Amino acid sequence: MLIGLSPALQTIAQGTSPFYWDFINVEIDVQKNGDMLVSETQKYVFTQSHTNQRYRYIPLDKVDKITDVTVWENQEQIPSQTGIKNNQIWIKWQHQLNAPEAHTFVLKYRVIGGLHINENGDKVYWKAIFANRNAPIQNAKIIVRLPEILSEKIQTFKSFGTPTNPRKINSTVVEFVAKKAIPPQQEIEVMVQFPHNILDVSTPNWQRIQAVSSISQQEIEVMAMFFHNVLDVSTAILHLTQAVSSLFSGLLELISSYPIMFIVLLYIALFVVSSCSSSGRGRGRGRGRGRGGRGGRGGGWDGYGGYGGYGCGGGGGDGGGGGDGGSWGGGDGGGGGDGGGGGDGG
Numbered sequence: 029m030l031i032g033l034s035p036a037l038q039t040i041a042q043g044t045s046p047f048y049w050d051f052i053n054v055e056i057d058v059q060k061n062g063d064m065l066v067s068e069t070q071k072y073v074f075t076q077s078h079t080n081q082r083y084r085y086i087p088l089d090k091v092d093k094i095t096d097v098t099v100w101e102n103q104e105q106i107p108s109q110t111g112i113k114n115n116q117i118w119i120k121w122q123h124q125l126n127a128p129e130a131h132t133f134v135l136k137y138r139v140i141g142g143l144h145i146n147e148n149g150d151k152v153y154w155k156a157i158f159a160n161r162n163a164p165i166q167n168a169k170i171i172v173r174l175p176e177i178l179s180e181k182i183q184t185f186k187s188f189g190t191p192t193n194p195r196k197i198n199s200t201v202v203e204f205v206a207k208k209a210i211p212p213q214q215e216i217e218v219m220v221q222f223p224h225n226i227l228d229v230s231t232p233n234w235q236r237i238q239a240v241s242s243i244s245q246q247e248i249e250v251m252a253m254f255f256h257n258v259l260d261v262s263t264a265i266l267h268l269t270q271a272v273s274s275l276f277s278g279l280l281e282l283i284s285s286y287p288i289m290f291i292v293l294l295y296i297a298l299f300v301v302s303s304c305s306s307s308g309r310g311r312g313r314g315r316g317r318g319r320g321g322r323g324g325r326g327g328g329w330d331g332y333g334g335y336g337g338y339g340c341g342g343g344g345g346d347g348g349g350g351g352d353g354g355s356w357g358g359g360d361g362g363g364g365g366d367g368g369g370g371g372d373g374g
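Numbering (my numbering), first residue to last: 29 to 374.
Here you go:
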């Protein structure tokens, strides 16, 4: 007879499981070094014949290790075995069973590296009521005790999963009581936070590994973005190279199709460049070293210069075609200057 169990849970217990838990009470005693001494008191109610072997699985993903495992019944330690599988520690024990009847077992173990260490506050974070089960739990209570060094230093506390009534018992103790029965595959996780660097505890190994993995993932994302950008640049360069290659191919095709036109255009271009070059050099080198021209200051062939005058040659160079006077008579200047066809004199 399932006394005190709701009709819905009676159906669950009778229909899918040969037992249920009348209660599971969990006590978590935090030590000064950060270890947690956990005690689970589980009362099984067997409603029909069932195997006499019990199991408890505890995940190891957020602890460094679990040690000092013992199982008790009626204040006597009973034989038990432990092992690790799928990143969980399993605890196995056997007992006498003559259903229908109830058995109360106490599981005790030490959790090393189970606290969550953060600069904004260290935390007890523990799934006290496990979800991996096929039978309901009628009642549940979780108590978290902190060492005296943390008296009046509890910053916050709350639970997750099946709702609870959380309350602070005193300056170091917090209690969570389930508001209702807990169906299979449902859990209760509790959190109690206190100031960082009060307990003599370092960051657990699992948390360091998790942090490194997180950084590594960020580095991988940065490298992936870098190589993606490099690939984009390489693709752009490839496209540019292909465009230049296409341009030259087009030019070569044009030249091969119209070779005479290309030669004419090339000749014109060379002629223009040569003309511009000669024009630049031909502009004056001075305005004549002397006076000359066709006539000097006198008339006719007399005067300063005669036919050649003072100039350094005739014909070309700086200077003008006429001087101050007429063609034969007069004036400074004449057709002389630097260079030209004649030498100094007339």
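Glycine included, every Cβ here is placed at the ideal spot set by N, Cα and C.
Bear in mind the structure is a predicted one, so any value in this text is a computation, not a measurement.
The residue from Asn-61, Gln-76, Ile-171, Asn-225 with its alpha-carbon nearest to that of Phe-204 is Ile-171. Here Glu-68 is buried, its C-beta having at least 16 other C-beta atoms within 10 Å. Under the three-state reduction of DSSP output, Ala-271 falls in the helix class.
Looking at the DSSP output, Asn-193 sits in a beta bridge with Val-205. In this structure, Gln-122 sits near Asn-80, with a CB-CB distance shorter than 8 Å. Around the C-beta of Met-253, fewer than 16 other C-beta atoms lie within 10 Å, and the residue is accordingly described as exposed. Residue pairing from DSSP places His-131 in a beta bridge opposite Tyr-72. Cβ-Cβ separation between Pro-164 and Tyr-48: approximately 5 Å, consistent with a contact (criterion under 8 Å). Phe-74 is not a Cβ neighbour of Asn-167, given a cutoff of 8 Å. Thr-269 counts as exposed, since fewer than 16 other beta carbons sit within 10 angstroms of its beta carbon. In the DSSP annotation of this structure, Gln-103 is not part of any beta strand (DSSP E), being labelled neither H nor E.
Spatial neighbours of Ile-140 in its own chain (CB-CB distance under 6 Å, excluding positions within 5 residues in sequence) are listed in chain order as Asp-63, Asp-92, Lys-93. Met-219 is not a Cβ neighbour of Val-134, given a cutoff of 8 Å. Beta-bridge analysis with DSSP links Ser-187 to Val-218.
Sequence-distant Cβ neighbours of Asp-57 in its own chain, meaning closer than 6 Å and more than five residues away, are Leu-65, Arg-173. Comparing C-alpha distances from Ser-230 to each of Ser-284, Gly-111, Asp-150 shows the shortest one belongs to Asp-150. With a contact defined as Cβ atoms closer than 8 Å, Pro-232 and Ile-145 qualify at about 7 Å. By alpha-carbon distance to Arg-82, the top candidate from Ser-273, Leu-143, Thr-184, His-131 is His-131. Taking Asn-61 as the centre and dropping the five residues before and after it, the same chain places the C-beta of Leu-227, Asp-228, Val-229 closer than 8 Å to its C-beta, in chain order. With respect to the 8 Å criterion, Thr-192 and Gln-221 are not classified as neighbours on the basis of their beta carbons. From the listed residues Lys-136, Gln-214, Asn-126, Glu-180, the smallest Cα separation to Asn-160 is found for Gln-214. For Pro-87, the three-state secondary structure derived from DSSP is strand. By the C-beta density criterion, Ala-156 is buried, having at least 16 other C-beta atoms within 10 angstroms. With a threshold of 16 other beta carbon atoms within 10 Å, Phe-158 meets it and is buried.
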